[in-house]
Amino acid sequence: MSNLAMQTIQVKNSIKLAALRAGYGPVQLVAVTKTVAAERVREALALGLTSFGESRVQEALPKLALFPQADWHFLGRLQTNKVRDVVGNFALIHSLDRWKLAVALQAEAQRRGSMVRALVQVNIGQEDQKGGLDVAEVKGFLQEASTLSKVRIEGLMAVPPASENPEEIRPYFRKMYQLYSKLQVPGVQMKILSMGMSNDFVIAVEEGANLVRVGSLLFGERT
Ligand SMILES: *Cc1c(COP(=O)(O)O)cnc(C)c1O
């Protein structure tokens with residue numbers, strides 16, 4: 152059995168057990184394939200993985216073209232001049248973090264006659280170098296975004312401050328779940344809470360994540 156095959160079983164199993172402990176419901180696994188070669192994406196598909204995440208548009212597009220049957224997620228900072236390449240190609244954008252981007256997504260979706268699904272990224276650790284809205288800005292942003300007919304916001308995403316000890320990340324996940332579960336904005340249905348990566352996805356699921364984004368634990372360390 153390949154490493155990827157073994158890791159896939161392990162990760163899925165850990166998710167299942169954590170989800171049972173937490174009792175929140177099913178959890179979607181997005182396999183993060185940034186820097187991962189197309190051949191390994193093929194192998195992942197053959198192993199039954201169906202959702203993949205990428206954070207750079209130019210790197211992602213050839214893989215999307217090779218495997219259009221997969222469900223592709225966009226995770227990285229999205230420049231408005233790349234919106235054209237993202238709308239229609241990606242099933243879900245995890246990194247909606249500013250009004251200008253929401254407007255650009257709306258315009259592109261309108262041009263194509265399609266809808267864009269997105270998550271609002273929250274800068275839960277208030278880190279300068281990270282994208283995302285402050286917690287206090289989220290509700291107002293959702294209220295405004297609910298007026299955009301072609302942008303459908305389905306939840307929240309966060310990348311908390313990194314730590315060697317995933318237990319230190321737990322309070323950030325908990326805060327995210329609180330925010331997510333309490334938000335009530337007419338016209339917006341909160342369905343997805345995207346948080347947890349290789350190092351901390353078990354804790355994220357315990358704290359209510361229903362989508363985790365796992366890369367290096369499946370495919371090996373990125374070089
Ligand atoms: C790279 C990346 C991941 C996956 O990180 P791993 O630690 O390799 O699991 C998840 N989410 C985002 C936003 C990323 O950029």
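Under the working numbering, the first residue of the sequence shown carries the number 152, and numbering increases by one thereafter. In this text, a Cβ means the ideal position worked out from N, Cα and C, and glycines have one as well.
Which residue or residues does DSSP assign as beta-bridge partners of residue i?
i: Trp223; result: Phe203
i: Leu243; result: His224
i: Gly306; result: Leu270 and Ile343
i: Val363; result: Leu180
i: Leu284; result: Val273
If contacts are defined as beta-carbon pairs under 8 Å, then residue i and residue j qualify, I think. What distance do you get, rounded to the angstrom?
i: Val187; j: Phe370; result: 5 Å
i: Glu194; j: Trp223; result: Contact doesn't hold; Cβ gap of about 17 Å is too wide.
i: Lys185; j: Glu210; result: 7 Å
i: Arg228; j: Val267; result: That pair is no contact at about 16 Å.
i: Thr231; j: Ala216; result: Not confirmed; about 23 Å, so no contact.
Would you mind working out which of the options sits nearest residue i, comparing C-alpha positions?
i: Phe225; options: Phe241, Gln257, Arg235 and Ala189; result: Phe241
i: Leu252; options: Ala182, Leu284 and Ala173; result: Leu284
i: Asn361; options: Met327, Leu368, Thr374 and Val339; result: Met327
i: Ala269; options: Thr159, Ile343, Gly359 and Gln158; result: Ile343
i: Ala221; options: Leu243, Lys167 and Leu229; result: Leu243
i: Ala189; options: Phe218, Gly176, Leu229 and Leu168; result: Phe218
i: His245; options: Glu372, Arg373 and Arg364; result: Arg364
i: Val178; options: Gly366, Leu368 and Gly359; result: Gly359
i: Val336; options: Gly291, Gly276, Val286 and Thr159; result: Gly291
i: Leu212; options: Leu200, Val237 and Leu196; result: Val237
i: Trp250; options: Gly276, Gly282, Ile275 and Arg321; result: Gly282
i: Gly276; options: Val310, Glu295, Leu168 and Asp248; result: Val310
Who are the near neighbours of residue i in its chain, counting only those whose CB is closer than 7 Å to its CB and skipping five residues on each side?
i: Arg235; result: Glu259
i: Gly239; result: Arg263 and Ser265
i: Ala313; result: none
i: Leu299; result: Ala253 and Gln257
i: Leu368; result: Gln158, Val162 and Ser349
i: Arg321; result: Ile354 and Glu358
i: Val278; result: The amino acid occupying residue 278 in the given sequence is Glu; Val does not appear at that position. Excluding residues within five positions, the ones whose Cβ falls inside 7 Å are Pro312.
Can you name, in chain order, every residue of its own chain whose Cβ lies under 8 Å from the Cβ of residue i, other than the five neighbours on each side?
i: Met341; result: Glu305, Gly306, Leu307, Tyr331, Ser332 and Leu334
i: Val289; result: Val271, Val273, Leu307, Leu330 and Leu334
i: Pro317; result: Asn350, Asp351, Val353 and Ile354
i: Thr374; result: Thr186
Under 9 Å between the Cβ atoms of residue i and residue j?
i: Phe324; j: Met348; result: no
i: Arg383; j: Glu357; result: No answer is possible for residue 383: it lies beyond the span of the chain, which begins at 152 and ends at 374.
i: Ala182; j: Ser202; result: yes
i: Leu180; j: Val162; result: yes
i: Ala156; j: Leu198; result: yes
i: Thr159; j: Leu196; result: no
i: Lys214; j: Gln261; result: no
Once the 5 residues before and after residue i are set aside, which same chain residues still bring their CB inside 6 Å of it?
i: Val339; result: Leu293, Ser297 and Ile304
i: Glu319; result: none
i: Tyr175; result: Gly359
i: Arg167; result: Before going on, a small fix: residue 167 reads as Lys here, not Arg. Within the same chain, Lys167 has no close Cβ partners at all.
i: Ala287; result: none
For a cutoff of 9 Å on Cβ pairs, would you count residue i as touching chain B?
i: Met348; result: Among the chains of the structure shown, chain B does not appear; only one protein chain is present.
Less than 8 Å separating the Cβ of residue i from some heavy atom of ligand 3?
i: Leu368; result: Only ligand 1 can be found as ligands here, which leaves ligand 3 out of the picture.
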